[in-house]
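Let me begin by presenting the structure, written as structure tokens, before commenting on it.
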Amino acid sequence: MDATGDQLMHAQAELWNHVFAYTRSMSLRCAVELGTPDAVHRLGGAATVADVAAALSLPPSRAPYLRRLMRLLAHAGFFVFDDAAARYGLTPLSRLLVSAPGAGGQDLSPFALAMLHPIVVSPSMSLASWFGAADARTAAARVPFEAAHGRDLWAVAKGDREFGAAFNDAMACDGRFVMGVLVRDHRDVFRGLTSLVDVGGGSGGAARAIAAAFPHVRCSVLELPHVVASVPQGERGGAEFVAGDMFENVPKADAVLLKWVLHGWDDEKCVRLLRRCREAIPSREAGGRVIVMDLVVPWWDRARQTRRPPRRSYCGT
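Here it is as structure tokens:
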């Protein structure tokens, strides 16, 4: 059956929505880089565009464009607009991007910046090339990220100091946020444990959170040597750091934590890692456990009746 005019116009609008969806992500990155959520927070939690522009020391010529940016972000839920006062206010979403002291300690802006870094985003521009495997390098790449950069994410983070620091900061802030919820609302997960190793635990944010909440649990972090070397002794808190390869050996402990690890590897690597984890812990009857925290994306969205690919594992990031 032929579509009606209204259906065609609706379809075109939906197409435009998808075509320009990147502007939402890039506007978010812009706002975080400028410090817009922090500026609104410093101004009492709500402010006019002129006040925000002044707080950010932007040139007057940019004010009309800042207004457009704020409108787009308000439409995306990052700000709420008060028509009567012509002021933009913080929402629970934008409060997660406030880094100012006393703002709640839930700043996820480093995560937003790292995940929207050109190194992470650029592979998305050549997905068709990766699928087509037009040349030897592209054909050999396991995921689009490797096709774009010639190395996997971990090798790029090791070789690029700026990106490596941004990525580690992202994992640390995300770990603090998630672990804060976990140790507060799911304490039973750690009941009976005396030791735990956080595999691929970055700078140790998760391990420190567990050690602080459960002082009787001896926490350690298994990471690549260059990551361990980058963590100052004074910032390691109650966690012990172990340099090594998680696919070869996992230190012995009552429990192994895999937080945001499995989604980045293919099935073969995941099975290999899980075997190392199983070798590291006692039997289930003796209290051994593997704690997995990762992305679970429904393949079928019943509300919209559309399929949704799991983006992070798809692009290999």
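Quick note on numbering: the sequence shown equals residues 58 to 374 in my numbering.
For glycine and all other residues, C-beta sits at the position ideal for the given N, C-alpha and C.
Given the structure is predicted, the values throughout are model-derived calculations rather than measurements.
Problem - Proximity of residue 201 and residue 187 at Cβ, strictly below 8 Å - result: The sequence position of residue 201 within the sequence shown is 144, counting from 1. The sequence position of residue 187 within the sequence shown is 130, counting from 1. Residue 201 places its beta carbon less than 8 Å from that of residue 187.
Exercise for the section: Would you give the residue range spanned by the beta strand (DSSP E) that residue 300 belongs to? Expected result: Counted from its first residue, the sequence shown places residue 300 at position 243. Element bounds for residue 300: 296-300.
Exercise for the section: Return yes when the Cβ of residue 133 is within less than 8 Å of the Cβ of residue 95, no when it is not. Expected result: As a working mapping, residue 95 is identified with position 38 in the sequence shown. As a working mapping, residue 133 is identified with position 76 in the sequence shown. No, the Cβ-Cβ distance between residue 95 and residue 133 is not below 8 Å.
Handout entry: Cβ-based burial, residue 73 [other Cβ within 10 Å; buried from 16]
Key = Counting from 1 along the sequence shown, the entry for residue 73 is found at position 16. If you draw a 10 Å sphere on the C-beta of residue 73, you find fewer than 16 other C-beta atoms in it, and that means exposed.
Problem - Opposing strand residues paired with residue 316 [DSSP bridges] - result: By one-based count along the sequence shown, residue 316 stands at place 259. Note: residue 316 sits in a beta bridge opposite 350.
Exercise for the section: Examine the Cβ distances between the segment 160-180 and the segment 116-128 and report whether three or more of them are shorter than 8 Å. Expected result: Taking a cut-off of 8 Å on C-beta distances, the segment 160-180 does not touch the segment 116-128, as fewer than three cross pairs fall below it.
Exercise for the section: Have a look at residue 245 and residue 256 and give me their C-alpha separation to the nearest angstrom. Expected result: Counting from 1 along the sequence shown, the entry for residue 245 is found at position 188. Counting from 1 along the sequence shown, the entry for residue 256 is found at position 199. Their backbone Cα atoms lie some 20 Å apart in a straight line.
Problem - Cα-Cα separation between residue 349 and residue 314, rounded to whole angstroms - result: Within the sequence shown, residue 349 is the residue found at index 292, counting from 1. Within the sequence shown, residue 314 is the residue found at index 257, counting from 1. So the two alpha carbons sit approximately 6 Å from each other.
Handout entry: residue 122 classed as buried or exposed, judged by whether at least 16 other C-beta atoms fall within 10 angstroms
Key = On the sequence shown, residue 122 is found 65 positions in, with the first residue counted as 1. Result: exposed.
Exercise for the section: Output the distance between the C-alpha atoms of residue 333 and residue 78, rounded to the nearest integer angstrom. Expected result: The residue given as residue 333 occupies position 276 in the sequence shown. The residue given as residue 78 occupies position 21 in the sequence shown. The alpha-carbon atoms of residue 333 and residue 78 are separated by roughly 41 Å.
Exercise for the section: Going by CA-CA distance only, name the one from 250, 294 and 221 that's closest to residue 264. Expected result: Sequence index remark: in the sequence shown, residue 264 carries index 207 (1-based). The shortest Cα separation from residue 264 among 250, 294 and 221 belongs to 294.
Exercise for the section: Below 7 Å CB to CB, which residues in the same chain sit around residue 220 once its five sequence neighbours on both sides are set aside? Expected result: Looking up residue 220 in the sequence shown gives position 163. Same-chain partners within the cutoff: 174, 176, 213 and 214.
Handout entry: Local Cβ density within 10 Å of residue 289, reported as buried at 16 or more and exposed below that
Key = Within the sequence shown, residue 289 is the residue found at index 232, counting from 1. By the beta-carbon neighbour count (other beta carbons within 10 angstroms, threshold 16), residue 289 is exposed.
Practice task
Round the Cβ separation of residue 145 and residue 103 to the nearest angstrom and send it over; I've been treating them as touching at under 8 Å.
Solution key: Position 88 of the sequence shown holds residue 145. Position 46 of the sequence shown holds residue 103. Indeed, because the Cβ distance is near 7 Å, the residues count as touching under 8 Å.
Practice task
Compute the Euclidean distance between the alpha carbons of residue 8 and residue 224, then round it to the nearest angstrom.
Solution key: Residue 8 lies beyond the stretch modelled for the chain, which goes from 58 to 374, so this question has no answer here.
Practice task
Look up residue 262 in the DSSP assignment and give the residues it is bridged to.
Solution key: Indexing the sequence shown from 1 puts residue 262 at position 205. According to DSSP, residue 262 bridges with nothing at all.
Practice task
Could you tell me if residue 243 is buried or exposed, where buried requires 16 or more neighbouring beta carbons within 10 angstroms of its beta carbon?
Solution key: Counting from 1 along the sequence shown, the entry for residue 243 is found at position 186. So residue 243 counts as exposed.
Practice task
Sort out for me which residues DSSP pairs residue 271 with in a bridge.
Solution key: Against the sequence shown, residue 271 aligns to sequence position 214. Note: residue 271 sits in no beta bridge, so no partner.
Problem - Sequence ranges, beta strand (DSSP E) only - wholly within the segment 71-154, length at least 3 - result: You should have 136-139 and 144-147.
Practice task
Could you tell me the distance, in whole angstroms, from the CA atom of residue 180 to the CA atom of residue 60?
Solution key: Residue 180 sits at position 123 when you count from the first residue of the sequence shown. Residue 60 sits at position 3 when you count from the first residue of the sequence shown. Rounded to whole angstroms, the gap between the alpha carbons of residue 180 and residue 60 is 36 Å.
Handout entry: Distance between residue 90 and residue 329 (C-alpha atoms, nearest Å)
Key = As a position in the sequence shown, residue 329 is number 272, starting the count at 1. As a position in the sequence shown, residue 90 is number 33, starting the count at 1. The straight-line gap from Cα to Cα measures roughly 39 Å.
Practice task
Could you check which residue in 240, 147, 306 and 273 has the C-alpha nearest to that of residue 338?
Solution key: By 1-based counting over the sequence shown, the position of residue 338 is 281. Taking only the C-alpha atoms, the option nearest residue 338 is 306.
Practice task
Within 10 angstroms of the Cβ of residue 203, are there 16 or more other Cβ atoms? Answer buried if so, exposed if not.
Solution key: Looking up residue 203 in the sequence shown gives position 146. So residue 203 ends up on the buried side.
Exercise for the section: Pick out whichever of 107, 141 and 114 has its Cα sitting closest to the Cα of residue 127. Expected result: In the sequence shown, counting from the first residue as 1, residue 127 sits at position 70. For residue 127, the nearest C-alpha among the options comes from 107.
Handout entry: Stretch-stretch touch, CB-based, cutoff 8 Å, three pairs: the segment 234-241 with the segment 265-272
Key = With a cut-off of 8 Å, the segment 265-272 and the segment 234-241 count as touching, because enough Cβ pairs lie within range.
Handout entry: residue 114 classed as buried or exposed, judged by whether at least 16 other C-beta atoms fall within 10 angstroms
Key = As a first step, residue 114 is located in the sequence shown; it is residue number 57 there, counting from the start. Flag for residue 114 reads exposed.
Exercise for the section: Check the C-beta distance from residue 154 over to residue 169 and give it rounded, since I have them as a contact under 8 Å. Expected result: Counting from 1 along the sequence shown, the entry for residue 154 is found at position 97. Counting from 1 along the sequence shown, the entry for residue 169 is found at position 112. At roughly 7 Å, the Cβ-Cβ gap stays under 8 Å, so residue 154 and residue 169 are in contact.
Practice task
Determine the contact status of residue 280 and residue 259, defining contact as a CB-CB distance below 8 Å.
Solution key: Working through the sequence shown from its first residue, we reach residue 280 at position 223. Working through the sequence shown from its first residue, we reach residue 259 at position 202. Contact flag set, yes.
Handout entry: Cβ pair residue 346, residue 300 closer than 8 Å
Key = For the purposes of this step, residue 346 is taken as the residue at position 289 of the sequence shown. For the purposes of this step, residue 300 is taken as the residue at position 243 of the sequence shown. In this structure, the beta-carbon distance from residue 346 to residue 300 does not fall below 8 Å.
Exercise for the section: Could you name the residues of the same chain whose beta carbon sits closer than 8 Å to that of residue 304, not counting the 5 residues immediately before and after it, in chain order? Expected result: For the purposes of this step, residue 304 is taken as the residue at position 247 of the sequence shown. The answer, listed in chain order, is 326, 329, 330 and 333.
Practice task
Round the Cβ separation of residue 143 and residue 93 to the nearest angstrom and send it over; I've been treating them as touching at under 8 Å.
Solution key: As a position in the sequence shown, residue 143 is number 86, starting the count at 1. As a position in the sequence shown, residue 93 is number 36, starting the count at 1. At roughly 16 Å, the Cβ-Cβ gap does not stay under 8 Å, so residue 143 and residue 93 are not in contact.
Exercise for the section: Just mark residue 98 as buried or exposed, buried being the case when its beta carbon has 16 or more other beta carbons within 10 Å. Expected result: Within the sequence shown, numbered from 1, the residue matching residue 98 stands at position 41. Residue 98 is buried by the Cβ-count criterion.
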